[in-house]
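Colleague: So in the working numbering the end of the sequence shown lands on 936, straight run, no missing numbers. All C-beta atoms, glycine included, are put in the ideal place defined by N, C-alpha and C. None of these values were measured; they are calculated from a predicted model.
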Amino acid sequence: MALGSQSLSVYVALLCLSAGLLFVSRSVHGVGSPQSSSLLQPYDFLYYSGVRAYFSGDWSRAAELLEKSIETKQTLLKVQRNCYQTCEEAGSHSFSQLDTVRDSLWDLWLLDGVQQKAECLRFCTGRHITPTAQLPVSTDIDYEFGTRNPYNFLQVTYYKLEKLQKAAAAAHTYFVANPSHLEMRNNIEKYRRMEGVTDDDFQDREVENEIHWVLYDAALQHEASSDWTQAAEKWKACVNETLRLIEDCRVLCEVAPQHLPEDRGVDSLDGAFEKAAALSLSLLSCRHYCVTQVATRPGRISAQEDHLPTQLEHLHIAQFKARDVKGALRTLRSLLMFYPSDKDSLDNLQLYYETLGGDTESPETQPAQEIVSYVQRSLQEKKLLYFGVENLDFSFTDPDLWTPEDVVPKALRESWKAEREKINEKIKEGEKQEEVDDSGFFSGGPIHQVGVTITMDDEVMNGTNRVVLDGVMTEKECDRILHLATVSASVGDGYGGRRSPHTPHETFEGLTVLRAVKLAQQGLVNHSDAQLLHELGERVRVLLHSYFRSPSGLFISFTHLVCRSAVAGEQEGRLDLSHPVHVDNCLLEPGTNQCWKEPPAFIHRDLSAVLYLNDNFEGGELFFTNRDTKTITARVKPSCGRLVGFSSGPVNPHGVTAVNSGRRCALALWFTKEKLYGDREREEAEDLWIADGHAALNKDEREPEGSTTAARNTRNAQIPKEGSRGRGRVTGGRDEL
200 MALGSQSLSV YVALLCLSAG LLFVSRSVHG VGSPQSSSLL QPYDFLYYSG VRAYFSGDWS
260 RAAELLEKSI ETKQTLLKVQ RNCYQTCEEA GSHSFSQLDT VRDSLWDLWL LDGVQQKAEC
320 LRFCTGRHIT PTAQLPVSTD IDYEFGTRNP YNFLQVTYYK LEKLQKAAAA AHTYFVANPS
380 HLEMRNNIEK YRRMEGVTDD DFQDREVENE IHWVLYDAAL QHEASSDWTQ AAEKWKACVN
440 ETLRLIEDCR VLCEVAPQHL PEDRGVDSLD GAFEKAAALS LSLLSCRHYC VTQVATRPGR
500 ISAQEDHLPT QLEHLHIAQF KARDVKGALR TLRSLLMFYP SDKDSLDNLQ LYYETLGGDT
560 ESPETQPAQE IVSYVQRSLQ EKKLLYFGVE NLDFSFTDPD LWTPEDVVPK ALRESWKAER
620 EKINEKIKEG EKQEEVDDSG FFSGGPIHQV GVTITMDDEV MNGTNRVVLD GVMTEKECDR
680 ILHLATVSAS VGDGYGGRRS PHTPHETFEG LTVLRAVKLA QQGLVNHSDA QLLHELGERV
740 RVLLHSYFRS PSGLFISFTH LVCRSAVAGE QEGRLDLSHP VHVDNCLLEP GTNQCWKEPP
800 AFIHRDLSAV LYLNDNFEGG ELFFTNRDTK TITARVKPSC GRLVGFSSGP VNPHGVTAVN
860 SGRRCALALW FTKEKLYGDR EREEAEDLWI ADGHAALNKD EREPEGSTTA ARNTRNAQIP
920 KEGSRGRGRV TGGRDEL
């Protein structure tokens, strides 16, 4: 189909009009089926009804309606996707005529094809959805479901109904998208202490919509442990899932009901074309916004820049290190579709050519067709969008950094370049920004315990709020705790019994204070050794509280005696770590140098410590890095009585080198400034100790627990007081050092 330059604007207007007619037919005429109880009802009405039942105290009815609103919304999305797939071929015969007809008949065939597809969609959706449910929902409802507020109501509702497992799942689901919600964080900690609630109950019910982030994080973890085969598999799955989610989002832009543009008071044919063009451009803009939507983690405001190209970059590196050079070449060529002149990528391309020799043009080394189609389609749509910006007063913000300059009209390039320069400057400033520790700790305080010396401080360790103290334990005390670990530590303690939770080349054992006291009651270990394990936590707390000059109280949050043993015959050629680089109270994202305070990170931890018990093993050094997880800033070699203390935040990423032989044992401790997050196991151990006729273990630690209250409304739902409900152990206190 050839068009003259003079008819270009007419072609664009008619194309826009055809797309506009498609939308109008769906939103106005989508009433093809009579209303039936079997059809999907409006999920916004179900939600409002559930909220009314909630405030009326009708908990069973509230739970039923709120759950139904969530289920209906999810089903509605599936129906819309299925109908789109069903009707994708509708009108294909008319569309196929566009390249064969002459003169102006092409527009009739175009409109005929559009109308057939619209009729198919109208009929399909009408078979499953009531007419009312096909109308657009309000922005308030979009906000409520976007912030997962239905789960906010559900967690209180299920608590009232004494369905604690469901309450825990609802609370966790809401908190994932609202990690700064203090009341919900407190509620989750309360749920953890309730009888019958386990770690498995804290499930994200929306995780099916975020599988790509699960894969993304898993791939990074495999990279950190140098498991390149698994990393490549996860990155490939992540790329595919990201592409699928973008396609699903684009489909919803087409099939979801649309609001018509505002009427500007123009009744002429030109006004109709203008309105149709605005609607069509809005559709294209919606499609491109899908990139941002998929690249934004729940609970975050901004999207990850270059989300898909970043995954491809990780993938080709992982494939190359896993010795899949052909796969790496294919992925690298896919990446070059986005950045064809990137120097590093071109250097890698040359490396792959040299590695493969002459076998570089086989089909399996060509760019993935999905990526080729993605880029080509995106560029075609961008040209239309920028045409609208230049000629139709349309507003469009390009979500991609890889858009080539020649796609942008010359009249817009200067302003476009200026915007790009601002973004690049902002990125550079973020990379150069000096790391600031906002933990409230200030290293350099006095050490009062006789025999304890400062071996390394901030300056020696090239960091902030880091210290190494020697002489904290005697050789005899180290031997006693080592013996305690040998006779009573459990395999996989804190990790669901998994023998090797961090690396297959080592076994992991752990022991808590509570378990040590219980074993002492049963006569299986010495009472004095169990008491020493408890007392060491208080000894470390006093030392670090003084050295880091904490202005508020410092409470032990969790204590874990842990041992890592090298597996014989599994050490040759080993490249992984005993524990990958991480931060204790946030999720570190090396690619962006961000550290997110959200689950599953233990965000209440403020200060971390490791008290070493031995040095008769190879490897197992603690090391600190920058946020890139690669630049090592300090190393600490374990020895009996050596204590390492540091703030738990993003200024102190750390890991543990591989234990290549022997058994490395240490006491891992975490501290918090909030009494609410104090170690309940220690309190329970003390209660057992007193009940058994022994003196209290450190009476000065025992303080009455404060109460917390908050208003109960749509943005701030708080769990009522627990009353006499039983409280179990605090779970989830995994080893992270």
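Just to check my reading of the structure: Tyr876 and His803 have Cβ atoms closer than 8 angstroms, yes? What is that Cβ distance to the nearest angstrom?
Modeller: 4 angstroms
Colleague: Would you mind stating whether Glu674 and Val761 have Cβ atoms separated by less than 8 angstroms?
Modeller: no
Colleague: Does the Cβ-Cβ distance between Leu742 and Leu806 come in under 8 angstroms?
Modeller: Result no, Cβ atoms of Leu742 and Leu806 do not sit closer than 8 angstroms.
Colleague: For Thr441, count neighbouring C-beta atoms within 10 Å of its own C-beta (all shown protein chains included) and say buried if the count is 16 or more, exposed if not.
Modeller: buried
Colleague: Can you tell which of Cys282, Arg522, Tyr538 has the C-alpha that lies nearest to the C-alpha of Ala430?
Modeller: Ranking Cys282, Arg522, Tyr538 by CA distance to the CA of Ala430 puts Arg522 first.
Colleague: Kindly list the residues whose CB is nearer than 8 angstroms to the CB of Gly922, restricted to its own chain and excluding five residues on each side of it in sequence; keep chain order.
Modeller: Caution applies to Gly922, whose pLDDT of 33 falls short of 50 and renders its modelled position unreliable; the value that the coordinates give is listed next. Listed in chain order, the non-local C-beta contacts of Gly922 below 8 angstroms within the same chain number zero, local neighbours out to five positions each way being set aside.
Colleague: I want to see whether chain D comes within less than 8 angstroms of Tyr488, judged by CB atoms only; does it?
Modeller: The chain inventory of the structure shown lacks chain D, comprising one protein chain alone.
Colleague: Can you tell me where the alpha helix (DSSP H) with Val574 in it begins and where it stops?
Modeller: 568–590
Colleague: How long is the line joining the alpha carbons of Arg738 and Asn813, rounded to whole angstroms?
Modeller: 18 angstroms
Colleague: In whole angstroms, give me the CA-to-CA distance for Pro852 and Ala617.
Modeller: 35 angstroms
Colleague: For Asp669, report the span of its beta strand (DSSP E) as first-last.
Modeller: It spans 665–669 - the beta strand (DSSP E) in which Asp669 sits, taken as one unbroken run.
Colleague: Which same chain residues end up closer than 7 angstroms to Arg154 when comparing Cβ atoms and leaving out the 5 residues on each side of it in sequence?
Modeller: Lying before the first or after the last residue shown, residue 154 is absent from the chain, which here runs from 200 to 936.
Colleague: Starting from Ile269, follow the alpha helix (DSSP H) in both directions and report where the run begins and ends.
Modeller: 258–285
Colleague: Can you list, in chain order, the residues of its chain whose CB lies under 6 angstroms from that of Val490, leaving out five sequence neighbours each side?
Modeller: Within the same chain, Val490 has close Cβ partners Pro598.
Colleague: May I have the straight-line CA-CA distance separating Leu534 from Thr830, to the nearest angstrom?
Modeller: 26 angstroms
Colleague: Let me know if Asp636 comes out buried or exposed under the rule of 16 or more other beta-carbons within 10 Å of its beta-carbon.
Modeller: Around the beta carbon of Asp636, 16 or more other beta carbons sit within 10 angstroms, so the residue counts as buried.
Colleague: State the Cα-Cα distance for the pair Tyr247 and Leu444, rounded to the nearest angstrom.
Modeller: 29 angstroms
Colleague: For the candidate residues Tyr746, Glu604, Ala719, Ile889, whose alpha-carbon lies nearest to that of Pro645?
Modeller: Tyr746
Colleague: Do Glu343 and Pro335 have their beta-carbon atoms positioned less than 8 angstroms apart in this structure?
Modeller: no
Colleague: Can you list, in chain order, the residues of its chain whose CB lies under 8 angstroms from that of Leu275, leaving out five sequence neighbours each side?
Modeller: Closer than 8 angstroms at Cβ, skipping near neighbours: Leu239, Tyr242, Ile328, Ala332.
Colleague: Between which residues of its own chain and Thr824 is the CB-CB distance below 8 angstroms, once the five residues before and five after are set aside?
Modeller: Closer than 8 angstroms at the Cβ level, and outside the excluded window around Thr824, lie Val780, Thr830, Ile831, Thr832, Pro852, His853, Gly854.
Colleague: Across which residues does DSSP place Ser689 in a beta bridge pair?
Modeller: Gly709
Colleague: Helix, strand or coil for Ser889? Go by DSSP, reduced to three states.
Modeller: Before going on, a small fix: residue 889 reads as Ile here, not Ser. In the structure shown, Ile889 sits in a helix (DSSP, three-state: H, G or I).
Colleague: In or out: Phe254 buried (at least 16 other Cβ within 10 Å) or exposed?
Modeller: exposed
Colleague: Can you round the beta-carbon distance between Cys437 and His421 to whole angstroms, since I take them to be within the 8 angstroms contact cut?
Modeller: That belief does not hold up - the Cβ atoms of Cys437 and His421 are roughly 11 angstroms apart, past 8 angstroms.
Colleague: Using only the alpha-carbon positions, how far apart do Phe374 and Arg404 sit?
Modeller: 11 angstroms
Colleague: Quick one, which of Ser614, Arg280, Ala719, His704 has its alpha-carbon nearest Asn859's?
Modeller: His704
Colleague: Please classify Gly854: does DSSP put it in a helix, a strand, or coil?
Modeller: DSSP places Gly854 in strand when its eight states are reduced to three.
Colleague: Tell me the residue span of the alpha helix (DSSP H) that contains Ser937.
Modeller: Residue 937 falls outside the range modelled here, since the chain spans only 200 to 936, and no answer is possible.
Colleague: Rounded to the nearest angstrom, what separates Ser777 and Asp592 at their Cα positions?
Modeller: Ser777 and Asp592 have their C-alpha atoms roughly 58 angstroms apart.
Colleague: Give me, in chain order, the residues of the same chain whose beta-carbon lies closer than 7 angstroms to that of Tyr390; leave out the 5 immediate sequence neighbours on both sides.
Modeller: Leu363, Ala366, Ala367, Ala370, Val396
Colleague: Find the nearest neighbour of Phe757 within the set Lys433, Leu866, Leu550, judged by alpha-carbon distance.
Modeller: Leu866
Colleague: Can you list, in chain order, the residues of its chain whose CB lies under 6 angstroms from that of Cys794, leaving out five sequence neighbours each side?
Modeller: Val782, Cys785, Leu787, Pro849
Colleague: Since Ser749 contacts Lys874 with CB under 8 angstroms, what's their CB separation in whole angstroms?
Modeller: With 8 angstroms as the limit, Ser749 and Lys874 do not qualify as a contact, their Cβ atoms being about 13 angstroms apart.
Colleague: Could you name each continuous beta strand (DSSP E) segment of 3 residues or more that falls completely within the segment 728–808, going from the start of the chain to the end?
Modeller: Listed in chain order, they are 754–765, 778–781, 786–788, 793–795.
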